[in-house]
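Chains as they are written, first to last, in our numbering: chain A, 1 to 217; chain B, 1 to 217.
There are 2 protein chains.
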Amino acid sequence: MATVSTTARISAQRRGTASPPATRFDRRLGEILDHATDVFCKKGYEGASMRDLSRASGMSLAGLYYYFQSKERLLFLIQKHTFTTIVERLKARLEDVSDPEGRVRIFIFNHLEYFLSNQAAMKVLSHEDDALKNGSASEVAAIKREYYRICVGLLDELKRERGLQFSTRIAVLSLFGMMNWIYTWHNPKVDADADELARQMSDLFLRGVMNGAKTRR
Amino acid sequence: MATVSTTARISAQRRGTASPPATRFDRRLGEILDHATDVFCKKGYEGASMRDLSRASGMSLAGLYYYFQSKERLLFLIQKHTFTTIVERLKARLEDVSDPEGRVRIFIFNHLEYFLSNQAAMKVLSHEDDALKNGSASEVAAIKREYYRICVGLLDELKRERGLQFSTRIAVLSLFGMMNWIYTWHNPKVDADADELARQMSDLFLRGVMNGAKTRR
DNA sequence: ACTCGTTTCGAACGAACGTTCGAATTATCT
DNA sequence: AGATAATTCGAACGTTCGTTCGAAACGAGT
Chain A
1 MATVSTTARI SAQRRGTASP PATRFDRRLG EILDHATDVF CKKGYEGASM RDLSRASGMS
61 LAGLYYYFQS KERLLFLIQK HTFTTIVERL KARLEDVSDP EGRVRIFIFN HLEYFLSNQA
121 AMKVLSHEDD ALKNGSASEV AAIKREYYRI CVGLLDELKR ERGLQFSTRI AVLSLFGMMN
181 WIYTWHNPKV DADADELARQ MSDLFLRGVM NGAKTRR
Chain B
1 MATVSTTARI SAQRRGTASP PATRFDRRLG EILDHATDVF CKKGYEGASM RDLSRASGMS
61 LAGLYYYFQS KERLLFLIQK HTFTTIVERL KARLEDVSDP EGRVRIFIFN HLEYFLSNQA
121 AMKVLSHEDD ALKNGSASEV AAIKREYYRI CVGLLDELKR ERGLQFSTRI AVLSLFGMMN
181 WIYTWHNPKV DADADELARQ MSDLFLRGVM NGAKTRR
């Protein structure tokens, strides 16, 4: 029975970025996840029905259940894959830079670039934050916490190097707010691309955090 | 038939802030809206069932329909009231201040203070942004646009006064991001209150927007 | 051509959904 | 107290929901 092994079966990467997935199963599952991401993005997790997903992916309603055990599990697979990928890329990119300010800029750029080229997935990740129940929720929450902690680390480096004083917590959460809010307004035809946007937000944020060392909890 | 007049019947203000509403009908509707707000906040608009709302408000399922015509109309009433109130308060507060920087600080404080003392309502407003259909959606969108334009106006004043250069659009939307994201993290037991938070975010944002006049689209 | 494991599907399940209706209850006024 | 209007409710409506089942169709190896 395949559904039992779904969790273990899903392999490393999916999207069009690189190497075709190993098994036929993984490839097909990947396609379904991509279509489901679009539907969840448009109608929300609760608002999207299994029949919507069936229509979007061109597979029968029953056929979908060969690839995952439940609708919730499907959301989990999407969120976990998206979040894991963004963290992986971030780590790789951070290896090349040691200057604290540059590392913060990398963080922002990495986030925005992935956000803009995977808007649907990132909206699902941001918007359906608390849609998962106990088990799955905590697994995604763990990745999220790791991601958060990386950002805290980067800002603390910066603080130490420049002798700054500000509440790291507020700064990090404000930064996430700025970046994640994008999904509500970004229009590719009007707004700048990831490079330019990352530059502008980095300038705004970094200038805001530096200078006058007066903001202290 | 009362449901027909529901739209016209709802009068000025509801919550515990001041004067008790005129009619019994308005008062009762107000209570239902408050309970519904909490439920929508916890389970999301799509995720909350009319039976959930019935349970929360202590009124029978059928009884609810005496006060509004549909679940969607209910969401609309909540969003419109919340948004209208926040804009009204802002306008009143802005009358006292003429200094551009001070006016921006008022905007931020007003937003955060209302956000924190009406967390549930504001989460519903932020999170269920595109849950409404055609007619209702555009009415809420109109208020939102007005609110947005006020903020743009304040920033343009500031730019002119100090000869700054930055993309107003990006600045405004980043600011909204910072502020609206609060509903995902703010914990009254850990985090500062509205005054302190508004100060910190204002400092962060204003420092970010001033100084080096290099950020330009 | 036959077999066996993998993949897909039509049809149906019970549960929950938003909404409606007519009757019952309650408040208001003479 | 009785009459009229405002409010509340139990019960049901037709639909749609997530999920399951057994059988049909397909793929690769002999």
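Every residue gets a Cβ at the ideal spot worked out from N, C-alpha and C, and that includes glycine.
Checklist line | Beta-carbon proximity check, R103/B vs L94/B, cutoff 8 Å | finding: yes
Note to self: So I170/B contacts chain A; which residues on that side make the cut at Cβ distance below 7 Å?
What the structure shows: Q200
Checklist line | Residue-chain proximity (G135/B, chain A), Cβ-Cβ < 8 Å | finding: no
Check: In terms of residues, what are the limits of the alpha helix (DSSP H) holding T84/A?
Finding: 71-94
Margin query: Can you give me the C-alpha to C-alpha distance between E31/A and L204/A, rounded to a whole angstrom?
Written below: 38 Å
Margin query: Quick check on N110/B - is its C-beta less than 8 Å from some C-beta in chain A?
Written below: no
Notebook entry, point to check: In chain order, what residues of the same chain have a beta carbon less than 6 Å from the beta carbon of E113/B, not counting five sequence neighbours either side?
Noted result: A194
Check: Hey, F115/A and M50/A: beta-carbon distance below 8 Å or not?
Finding: no
Checklist line | Given S157/A as reference, the closest of R89/A, A137/A, D99/A, L74/A once Cα atoms are compared | finding: Ser is not the amino acid found at residue 157/A; the sequence shown has Glu there. Cα-wise, what sits closest to E157/A is D99/A.
Next item on the list: Output, in chain order, the set of chain A residues within a Cβ distance shorter than 7 Å of E46/B.
Entry: G44, E46, G47
Notebook entry, point to check: Taking only beta-carbon atoms, is D195/A less than 8 Å away from chain B?
Noted result: no
Next item on the list: Please state whether DSSP places K123/A in a helix, a strand or coil.
Entry: helix
Next item on the list: Determine, using beta carbons only, whether V209/B and F176/B come nearer to each other than 8 Å.
Entry: no
Checklist line | CB contact check: F25/B to chain A, cutoff 8 Å | finding: no
Check: T184/B touches chain A at which residues, Cβ-Cβ below 7 Å?
Finding: D129
Margin query: Within 10 Å of its beta-carbon, does Q200/A have 16 or more other beta-carbons around it, so buried, or fewer, so exposed?
Written below: buried
Next item on the list: Report yes if the CB atom of K80/A is closer than 8 Å to the CB atom of V140/A, and no otherwise.
Entry: yes
Checklist line | Local conformation of Q268/B per DSSP, three classes | finding: A question about residue 268/B goes unanswered here, because the residues of chain B that appear run from 1 up to 217.
Checklist line | Partners in chain B for G208/A, counting only beta-carbon separations shorter than 7 Å | finding: L204, F205, R207, G208
Notebook entry, point to check: With DSSP run on the structure shown, which of helix, strand or coil describes P100/B?
Noted result: helix
Check: Can you tell me whether DSSP reads N180/B as helix, strand or coil?
Finding: helix
Item checked: Per-residue burial, S202/A [other beta carbons within 10 Å of its own, 16 or more giving buried] -> buried
Margin query: Between the alpha carbons of A36/A and T82/A, how many angstroms are there, rounded?
Written below: 13 Å
Item checked: Among E161/A, I108/A, L74/A, R73/A, nearest to M90/A - alpha-carbon criterion -> Residue identity check: residue 90/A is Leu in the sequence provided, not Met. Nearest of E161/A, I108/A, L74/A, R73/A to L90/A, Cα basis: I108/A.
Item checked: Closest residue to A171/A among R149/A, H186/A, Y183/A, S138/A (Cα-Cα distance) -> R149/A
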